[in-house]
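Engineer:
Numbering (our numbering), first residue to last: 479 to 648.
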């Protein structure tokens with residue numbers, strides 16, 4: 479079972495551990511320094527105070543230990559994206575799925591969104607399984623620039639009509 483909570487300045491060392499090793503292979507590609515992590519936390523706290531709010535960031539906790547980060551970003555009045563990262567030693571326990579399911583609920587209620595998207599690197603199929611378990615459907619690919627050229631990320635979406643999740647036919 480995971481819990482989500484707002485980030486706090488004292489989370490810097492745990493977040494630095496999360497943003498290192500295998501978890502960053504398909505994200506930043508480089509570990510974040512303590513200074514970079516502290517700035518990430520400061521930025522998340524500042525975005526949390528904005529009105530209207532465009533981004534939410536939560537630490538993912540298991541047994542009261544921070545094991546990951548999940549974020550919801552408003553891209554338009556009705557559409558948002560989610561992203562997440564977990565420490566490698568916590569992979570395969572369903573933590574990302576539980577966190578994603580909770581963020582989907584926030585997106586469709588508190589944030590008032592009706593369409594969510596998420597994507598994952600093609601070499602990270604486990605992330606696609608997380609999204610499918612959280613209710614997302616694969617809708618195609620999205621090309622993203624990388625240090626080695628364009629990479630076609632797997633693109634997923636989830637839609638609601640305010641009463642429940644709708645099937646996506648694409």
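Heads up, the beta-carbon is just placed ideally off N, CA and C, and yes, glycines get one too. Keep in mind that this is a model prediction, so the values were computed, not measured.
In angstroms with no decimal places, state the Cα-to-Cα distance between residue 479 and residue 547.
Structural biologist: One C-alpha to the other measures close to 15 Å.
Engineer: Tell me the DSSP secondary structure of residue 554 in three-state form.
Structural biologist: DSSP places residue 554 in coil when its eight states are reduced to three.
Engineer: In three-state terms, what does DSSP make of residue 703?
Structural biologist: Since the first residue shown for the chain is 479 and the last is 648, residue 703 is missing from the structure and cannot be characterised.
Engineer: So, is residue 585 buried or exposed, given that buried needs 16 or more other C-beta atoms within 10 angstroms?
Structural biologist: Buried, because 16 or more other Cβ atoms sit within 10 Å of the Cβ of residue 585.
Engineer: Can you give the beta carbon distance from residue 608 to residue 575, rounded, assuming they're within the 8 Å contact cut?
Structural biologist: Confirmed, about 5 Å.
Engineer: Drop a sphere of 10 angstroms on the beta-carbon of residue 542, count the other beta-carbons inside from all chains shown, and report buried for 16 or more, exposed for fewer.
Structural biologist: Per the 10 Å Cβ criterion, exposed.
Engineer: When you compare the stretch 530 to 539 with the stretch 479 to 492, are there three or more beta-carbon pairs, one atom per stretch, that lie closer than 8 Å?
Structural biologist: Short answer: they touch.
Engineer: Which two residues bound the contiguous alpha helix (DSSP H) that contains residue 491?
Structural biologist: Run containing residue 491: 490 to 496, per the alpha helix (DSSP H) assignment.
Engineer: How close, in whole Å, do the beta carbons of residue 515 and residue 494 come, if the pair is a contact with beta carbons under 8 Å?
Structural biologist: About 5 Å; that satisfies the 8 Å criterion.
Engineer: For the alpha helix (DSSP H) holding residue 517, just list the boundary residues, first then last.
Structural biologist: Looking at the DSSP string, the run of the alpha helix (DSSP H) that includes residue 517 is 512 to 526.
Engineer: Can you pull the DSSP bridge partners for residue 598?
Structural biologist: Answer is 632.
Engineer: DSSP three-state label for residue 587, please.
Structural biologist: DSSP places residue 587 in coil when its eight states are reduced to three.
Engineer: Less than 8 Å between the beta carbons of residue 545 and residue 520, yes or no?
Structural biologist: For residue 545 and residue 520, no; Cβs fall outside 8 Å.
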